[in-house]
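Residue numbers (UniProt numbering), protein chains in the order written: chain P, 1 to 270; chain Z, 1 to 168.
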């Protein structure tokens with residue numbers, strides 16, 4: 001016993017180092033496992049308020065580009081509305097049914113990051129406003145990510161620029177689906193993998209969110225194909241997708257709740 | 001609480017705020033950020049309790065991790081830097097360190113430059129290895145380490161020279 005105590009005392013610096021290093025590694029691994037990153041992140045009260053204060057100063061710097069993005073979105077929506085055939089507007093039951101599946105919230109971005117391999121975005125709404133984990137997040141230009149942790153007043157978005165992100169996507173022209181990932185290299189390019197080789201694709205085609213996801217409604221814009229190659233096995237394509245979103249300049253976001261998500265998930269389990 | 005401790009606590013808070021609210025958002029050329037906060041570890045007084053020093057370094061890295069949503073990456077790198085600091089000091093300052101008489105506000109800038117360069121590179125290398133955690137991305141790891149280190153060294157030296165109390 002005496003020897004053990006002596007050993008600990010003699011090597012206390014080294015043992016302390018090993019202990020603290022191990023704790024750090026454990027925190028890193030916990031942070032990287034989805035649904036377990038509950039404890040230490042920027043959604044807490046102190047950093048949330050500090051980022052809020054910071055946002056109060058910096059939000060004015062990109063007002064012009066934010067306004068232009070919103071105007072562009074309004075233009076696009078106006079175009080859709082004014083070109084709808086008349087009877088579709090009158091017979092609105094079916095539309096209501098679809099739209100009724102989803103709740104939309106808006107929020108402001110307090111902290112954005114895109115320089116790391118695992119990026120997170122902090123927004124200014126939380127469980128107080130009804131947000132929960134697994135809600136989808138997008139902007140007027142395209143998809144942004146998925147809520148991965150929600151505190152009382154703030155929430156953290158796991159960005160599409162995160163090597164752990166997996167989002168269901170499809171080609172706009174056909175129904176071929178794939179999975180959206182990120183290789184950690186460029187903040188403009190994400191990768192869509194597992195696309196069937198029977199899909200007709202060409203550079204410039206639009207990629208949207210797929211209907212198989214319980215998180216996003218079908219058809220939210222993601223990006224355009226910039227490059228593609230067939231995988232080694234020869235059965236699937238890997239596609240480089242240029243995001244429509246400028247991930248380095250994000251001000252306002254929409255959050256979408258799929259009210260049927262629970263029901264769909266419970267079906268999947270059975 | 002004496003004057004020395006107050007300075008330490010204030011510089012801790014100031015470095016955390018500057019790092020978390022300003023420097024983490026520079027993103028020079030899209031991805032290069034300086035990590036100024038390790039200046040605290042680099043110039044922490046030498047003849048002190050090493051276990052306490054490790055704990056403070058861990059806590060500093062941990063707070064930075066909360067600001068940048070990076071789990072425990074900065075905590076790990078900070079503890080690592082704090083642990084290997086004595087041999088690093090010995091290598092950079094030689095004699096001075098043997099006599100336990102390094103005063104960081106009156107040392108030769110050349111020696112401090114060597115010391116900072118090695119310390120920053122080691123710290124950043126650990127940060128980016130843990131951040132990427134993928135051996136296929138070794139090129140990205142080296143690239144990020146190199147560019148961020150250069151940025152950090154420049155910022156650290158500027159701050160050190162500006163705030164040095166010893167003006168001749």
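Glycine is no exception: its CB is placed at the ideal position from the N, C-alpha and C atoms.
Determine the closest residue to residue 65 of chain P out of P/265, P/248 and P/48, with distance taken between C-alpha atoms.
-> Here residue 65 of chain P is taken as the residue at index 65 of the first chain, counted from 1. Here the closest residue by C-alpha is P/248.
Residue range of the beta strand (DSSP E) that includes residue 65 of chain Z = Along the second chain, read from residue 1 onward, the residue named residue 65 of chain Z stands at position 65. Taken as a continuous stretch (DSSP letters only), residue 65 of chain Z belongs to no beta strand (DSSP E), being part of the alpha helix (DSSP H) at 50-68.
Hey, how far is the Cα of residue 65 of chain Z from the Cα of residue 205 of chain P?
-> Residue numbering aside, residue 65 of chain Z sits at position 65 when the second chain is read from its first letter. Residue numbering aside, residue 205 of chain P sits at position 205 when the first chain is read from its first letter. Computed Cα separation, rounded: 39 Å.
Kindly indicate which residue of P/63, P/127 and P/61 has the alpha-carbon position closest to the one of residue 44 of chain P.
-> The residue given as residue 44 of chain P occupies position 44 in the first chain. When each option's Cα is compared against that of residue 44 of chain P, the closest is P/127.
When you compare only the Cα positions, how much space is there between residue 104 of chain Z and residue 2 of chain Z?
-> For this step, residue 104 of chain Z is matched to residue 104 along the second chain. For this step, residue 2 of chain Z is matched to residue 2 along the second chain. Going from the Cα of residue 104 of chain Z to the Cα of residue 2 of chain Z covers about 19 Å.
Which residues of chain P have a Cβ atom closer than 7 Å to the Cβ of residue 50 of chain Z, listed in chain order?
-> Position 50 of the second chain, counted from the first residue, corresponds to residue 50 of chain Z. Residues of chain P whose Cβ lies closer than 7 Å to the Cβ of residue 50 of chain Z are, in chain order, 13.
Which runs of the alpha helix (DSSP H) fall wholly inside the segment 6-60 of chain P and span at least 4 residues, in chain order?
-> Fully enclosed alpha helix (DSSP H) runs of 4 or longer: 12-31 and 45-58.
Compare the C-beta of residue 149 of chain Z against all C-beta atoms of chain P and say whether one is closer than 8 Å.
-> Counted from its first residue, the second chain places residue 149 of chain Z at position 149. With respect to chain P, the C-beta atom of residue 149 of chain Z has no partner C-beta closer than 8 Å.
Should residue 105 of chain P and residue 157 of chain P be called a contact, given that it needs their Cβ atoms to be closer than 8 Å?
-> In the first chain, counting from the first residue as 1, residue 105 of chain P sits at position 105. In the first chain, counting from the first residue as 1, residue 157 of chain P sits at position 157. Contact annotation: residue 105 of chain P and residue 157 of chain P have beta-carbon atoms that are not nearer than 8 Å.
So which residues of chain P does residue 155 of chain Z contact, with C-beta pairs closer than 8 Å?
-> Counting from 1 along the second chain, the entry for residue 155 of chain Z is found at position 155. Listed along the chain, the chain P residues whose CB falls inside 8 Å of the CB of residue 155 of chain Z amount to none; the nearest CB is some 16 Å away.
Euclidean distance between Cα positions of residue 119 of chain Z and residue 150 of chain Z | Taking the first residue of the second chain as 1, we reach residue 119 of chain Z at position 119. Taking the first residue of the second chain as 1, we reach residue 150 of chain Z at position 150. A straight-line Cα-Cα distance of about 12 Å links residue 119 of chain Z and residue 150 of chain Z.
Does the beta-carbon distance from residue 225 of chain P to residue 244 of chain P come in below 8 Å?
-> The residue labelled residue 225 of chain P in the question sits at position 225 within the first chain. The residue labelled residue 244 of chain P in the question sits at position 244 within the first chain. No, Cβ-Cβ distance for residue 225 of chain P and residue 244 of chain P is not below 8 Å.
May I ask you to report which of helix, strand or coil DSSP gives residue 188 of chain P?
-> Within the first chain, numbered from 1, the residue matching residue 188 of chain P stands at position 188. For residue 188 of chain P, the three-state secondary structure derived from DSSP is coil.
Please list the partners that residue 117 of chain P has in chain Z, where partner means a Cβ-to-Cβ separation under 7 Å.
-> Stepping through the first chain from its first residue, residue 117 of chain P is reached at position 117. Under a criterion of Cβ atoms nearer than 7 Å, the residues of chain Z adjacent to residue 117 of chain P are, in order, 131 and 132.
What does a CB cutoff of less than 6 Å around residue 127 of chain Z pick up in its chain, not counting 5 residues either side in sequence?
-> Position 127 of the second chain, counting from 1, holds the residue named residue 127 of chain Z. Around residue 127 of chain Z: 73 and 77.
Measure the C-alpha to C-alpha separation of residue 118 of chain P and residue 130 of chain Z and round it to an integer number of angstroms.
-> Locating residue 118 of chain P in the first chain gives position 118, where the first residue counts as 1. Locating residue 130 of chain Z in the second chain gives position 130, where the first residue counts as 1. Rounded to whole angstroms, residue 118 of chain P to residue 130 of chain Z spans 11 Å at the Cα level.
Tell me, please, whether the CB atom of residue 72 of chain Z is closer than 8 Å to any CB atom in chain P?
-> What you label residue 72 of chain Z is simply residue 72 of the second chain in a count that begins at 1. By this cut-off, residue 72 of chain Z is an interface position.
Close-in-space but distant-in-sequence residues of the same chain around residue 268 of chain P (CB under 6 Å, 5 per side omitted) | Counting from one through the first chain, the residue named residue 268 of chain P turns up at place 268. Sequence-distant partners of residue 268 of chain P (beyond 5 residues in either direction) whose C-beta falls short of 6 Å from its own C-beta are missing from its chain.
Option in P/6, P/111, P/82 and P/22 with minimal Cα separation from residue 53 of chain P = Here residue 53 of chain P refers to the residue found at position 53 when the first chain is read from its first residue. With distances taken between Cα atoms, residue 53 of chain P lies closest to P/111.
Proximity test, Cβ basis, 8 Å: residue 64 of chain Z and chain P | Working through the second chain from its first residue, we reach residue 64 of chain Z at position 64. Against chain P, the CB of residue 64 of chain Z has no partner CB under 8 Å away; the residue lies outside that interface.
Using 10 angstroms around the beta-carbon of residue 27 of chain P, count the other beta-carbons present and answer buried if the total reaches 16, otherwise exposed.
-> As a first step, residue 27 of chain P must be located in the first chain, where it is residue number 27. In the assembly as shown, residue 27 of chain P is a buried residue. Its beta-carbon has 16 or more other beta-carbons within 10 Å.
Sorted by chain position, which residues of the same chain lie with C-beta nearer than 7 Å to residue 37 of chain Z's C-beta, five sequence neighbours on each side aside?
-> Mapped onto the second chain, residue 37 of chain Z falls at position 37. Closer than 7 Å at Cβ, skipping near neighbours: 15, 16, 19, 60 and 64.
Burial state of residue 69 of chain Z (16 or more Cβ within 10 Å) | Numbered from its first residue, the second chain carries residue 69 of chain Z at position 69. Buried is the call here.
Return no unless some Cβ of chain P is closer than 8 Å to the Cβ of residue 67 of chain Z.
-> By 1-based counting over the second chain, the position of residue 67 of chain Z is 67. Closer than 8 Å: yes.
Verify whether the separation of the beta carbon atoms of residue 168 of chain P and residue 179 of chain P is less than 8 Å.
-> Position 168 of the first chain holds residue 168 of chain P. Position 179 of the first chain holds residue 179 of chain P. Yes, the Cβ-Cβ distance between residue 168 of chain P and residue 179 of chain P is below 8 Å.
Thinking just about the alpha-carbon of each residue, which of P/55, P/68, P/72 and P/16 is nearest to the one in residue 58 of chain Z?
-> As a working mapping, residue 58 of chain Z is identified with position 58 in the second chain. Minimum Cα-Cα distance from residue 58 of chain Z among the listed residues P/55, P/68, P/72 and P/16 corresponds to P/16.
Determine, using beta carbons only, whether residue 1 of chain P comes closer than 8 Å to chain Z.
-> Here residue 1 of chain P corresponds to residue number 1 of the first chain, with the count starting at 1. So, not an interface residue.
Under the three-state DSSP convention, the category residue 110 of chain Z falls into = Numbered from its first residue, the second chain carries residue 110 of chain Z at position 110. Correct three-state label for residue 110 of chain Z: helix.
By the 10 Å Cβ neighbour count, where 16 or more other Cβ atoms means buried, how is residue 260 of chain P classified, buried or exposed?
-> Position 260 of the first chain holds residue 260 of chain P. Burial call: exposed.
Would you list the one or two residues that DSSP bridges to residue 178 of chain P?
-> Sequence index remark: in the first chain, residue 178 of chain P carries index 178 (1-based). DSSP, once it has assigned bridges, lists P/169 as partnering residue 178 of chain P.
Between the CA atoms of residue 32 of chain Z and residue 26 of chain Z - distance to the nearest angstrom | As a working note, residue 26 of chain Z is residue 26 in the second chain. As a working note, residue 32 of chain Z is residue 32 in the second chain. Computed Cα separation, rounded: 7 Å.
Where does residue 60 of chain P land, buried or exposed, given buried means 16+ other C-beta within 10 angstroms?
-> Here residue 60 of chain P is taken as the residue at index 60 of the first chain, counted from 1. Around the C-beta of residue 60 of chain P, fewer than 16 other C-beta atoms lie within 10 Å, and the residue is accordingly described as exposed.
Assign residue 12 of chain Z to one of three DSSP states: helix, strand, or coil.
-> Taking the first residue of the second chain as position 1, residue 12 of chain Z is located at position 12. DSSP places residue 12 of chain Z within a helical segment (H, G or I) once states are collapsed to three.
Run of the alpha helix (DSSP H) containing residue 75 of chain Z, from where it starts to where it stops = Position 75 of the second chain holds residue 75 of chain Z. Note, residue 75 of chain Z: alpha helix (DSSP H), 73-83.
From the beta carbon of residue 119 of chain Z, is the nearest beta carbon of chain P less than 8 Å away?
-> Here the question's residue 119 of chain Z lines up with position 119 in the second chain. Look at residue 119 of chain Z: its C-beta is not under 8 Å from any C-beta on chain P.
Cβ-based burial, residue 131 of chain P [other Cβ within 10 Å; buried from 16] | For the purposes of this step, residue 131 of chain P is taken as residue 131 along the first chain, with counting starting at 1. With a 10 Å radius around the Cβ and a threshold of 16 neighbouring Cβ atoms, residue 131 of chain P comes out buried.
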